[in-house]
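K.L.:
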Amino acid sequence: MKIKVWGVRGSLPYGIPSTVINRKVKEALKAASGRKFANDAEIDEFIEGLPFPVKSTYGSNTPCVQLSGGNEYVILDAGSGMRDLATYLSGSGELFANDACKKFNVFISHFHWDHTMGFPFFIPAYMPDIEIHFYGGHHTLRKAFVEQQEPIHFPVRLEEMPSKKSFTVLREKNEYEIAGFKVKILKQIHPGGCFGYRFEKDGKVFVYSTDAEHSLESHKKDYEYVEFIRDADVVIFDAMYSHIEAMDSKLHWGHSSNLTGVELAERAGVKHLVLFHSDYKYDDFELEKFLADTKKYLSIHSPNSKMKITTAYDGMELEV
Ligand SMILES: [Zn+2]
Ligand SMILES: [Zn+2]
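For what it's worth, our numbering labels the leading residue of the sequence shown as -5, then goes sequentially.
#1: Kindly examine ligand 2 and report whether one of its heavy atoms sits closer than 8 Å to the Cβ of residue 109.
#2: Going by Cα to Cα distance, which pick from 97, 79, 71 is closest to residue 107?
#3: Tell me whether the beta-carbon of residue 112 lies closer than 9 Å to the beta-carbon of residue 76.
#4: Grouping DSSP H, G and I as helix and E and B as strand, with all else coil, what is residue 304?
#5: Within the present structure, is the beta-carbon of residue 4 separated from the nearest heavy atom of ligand 1 by less than 8 Å?
#6: Is it buried or exposed for residue 114, if we count other Cβ within 10 angstroms and need 16 for buried?
#7: Can you tell me whether residue 78 is buried or exposed? The criterion is at least 16 other CB atoms within 10 Å of its CB, across all chains shown.
#8: Between 260, 21, 99, which has its C-alpha nearest residue 164's C-alpha?
#9: Just curious, the alpha helix (DSSP H) that residue 78 is in, first and last residue?
#10: Which value, in whole angstroms, describes the spacing of the CA atoms of residue 119 and residue 126?
#11: What span of residues does the alpha helix (DSSP H) with residue 220 cover, start to end?
#12: In this structure, how does DSSP classify residue 191 when only helix, strand and coil are distinguished?
#13: If you draw a straight line from the C-alpha of residue 205 to the C-alpha of residue 160, how long is it?
#14: Could you check where the beta strand (DSSP E) with residue 291 kicks off and where it finishes?
#15: Quick check: what's the CA-CA separation for residue 6 versus residue 253?
Right under this line is the structure:
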């Protein structure tokens, strides 16, 4: 399986403020102080060695993740990152490579704006040869997408997009075979409910689990979520808040902290925890510190753990 992340921000897209760009330039200039570069290749090499928040960004788009390795496209959520995915597909010519490239399976966690706002801008949806199969745990799956494109919200109605569309409601406890993957869903605590997805193929496991709060129940020995992510190779986890926020000012807002992610993933034997749904109020330097704090917590909580922890960014690619 391959995972490509097209959008990572929670609640709202994020634009890098000029103050942060200024800091990136300043840090890069300081690092380059006294150095001479003979050509662009040497400059590229220097940039490559800079810290991530200086040379790059954790991203701007709201959630959209692509899972490859099955026999058709699999997309998790339709946030603003879906537009960049569409731009890539249109530019690469991939869409017309074969018939399987015309079939999209779009799994929707829930209908909050940040998880659906990219769909009206998804270019393949405007092509008659394209099939888009939506899956979700909510019975209002079709209604949510129809209403998002009512004329009061958007100039093109869903039924005016020429692609063929279908909507399938999945049930917990069932196991499905979709696009070459075994798929299970789990309802998570979030306003209106939000579904996590577990994908399995060739002995590999990937879990997409965004927008989920883990209450005190999560400390119970038989907490269902731990089984849901059990032995996963990669878990994309809602780590929107700091531990203090999750316990205090943002209690019951439906999101989790980085520390809860570490504890649950460690209990479940997860190999790679990916922090996701990053708060739009954090800049790249703050997210870098957030990641460092998370790794430090793991080293205290489970000193012998080999679990890898990263923070998702727009354009991140993982091979499982
Ligand atoms: Zn969200
Ligand atoms: Zn939400």
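The beta carbon of each residue, even a glycine, is placed where N, CA and C say it ideally should be. Predicted, not measured: the structure shown is a model, and the values here were computed from it.
P.N.:
Walking through what the data contain:
#1: Your numbering for residue 109 matches position 115 in the sequence shown. Correct: residue 109 has its Cβ closer than 8 Å to ligand 2.
#2: Here residue 107 corresponds to residue number 113 of the sequence shown, with the count starting at 1. For residue 107, the nearest C-alpha among the options comes from 71.
#3: On the sequence shown, position 118 is the one that residue 112 refers to. On the sequence shown, position 82 is the one that residue 76 refers to. Closer than 9 Å, so yes.
#4: Working through the sequence shown from its first residue, we reach residue 304 at position 310. The answer is strand: DSSP assigns residue 304 an E or B state.
#5: The residue labelled residue 4 in the question sits at position 10 within the sequence shown. Result yes, Cβ under 8 Å from ligand 1.
#6: Here residue 114 refers to the residue found at position 120 when the sequence shown is read from its first residue. Classification of residue 114: buried, given that the 10 Å Cβ count is 16 or more.
#7: Translated into the one-based positions of the sequence shown, residue 78 becomes position 84. Buried is the call here.
#8: For the purposes of this step, residue 164 is taken as residue 170 along the sequence shown, with counting starting at 1. Out of 260, 21, 99, the CA that lies nearest to the CA of residue 164 is found in 99.
#9: Mapped onto the sequence shown, residue 78 falls at position 84. Residues 75 to 86.
#10: Residue numbering aside, residue 119 sits at position 125 when the sequence shown is read from its first letter. Residue numbering aside, residue 126 sits at position 132 when the sequence shown is read from its first letter. Straight-line Cα distance between these residues: approximately 7 Å.
#11: For the purposes of this step, residue 220 is identified with residue 226 of the sequence shown, where counting begins at 1. Where residue 220 is concerned, the enclosing alpha helix (DSSP H) stretches over 218 to 222.
#12: Looking up residue 191 in the sequence shown gives position 197. Shown here, residue 191 sits in a strand according to DSSP, grouped into three states.
#13: Here residue 205 corresponds to residue number 211 of the sequence shown, with the count starting at 1. Here residue 160 corresponds to residue number 166 of the sequence shown, with the count starting at 1. Distance between the alpha carbons of residue 205 and residue 160 is about 24 Å.
#14: Position 297 of the sequence shown holds residue 291. That residue, residue 291, is in no beta strand (DSSP E); its alpha helix (DSSP H) goes 278 to 295.
#15: Taking the sequence shown and counting its residues from 1, one reaches residue 6 at position 12. Taking the sequence shown and counting its residues from 1, one reaches residue 253 at position 259. Each residue's alpha carbon lies about 23 Å from the other.
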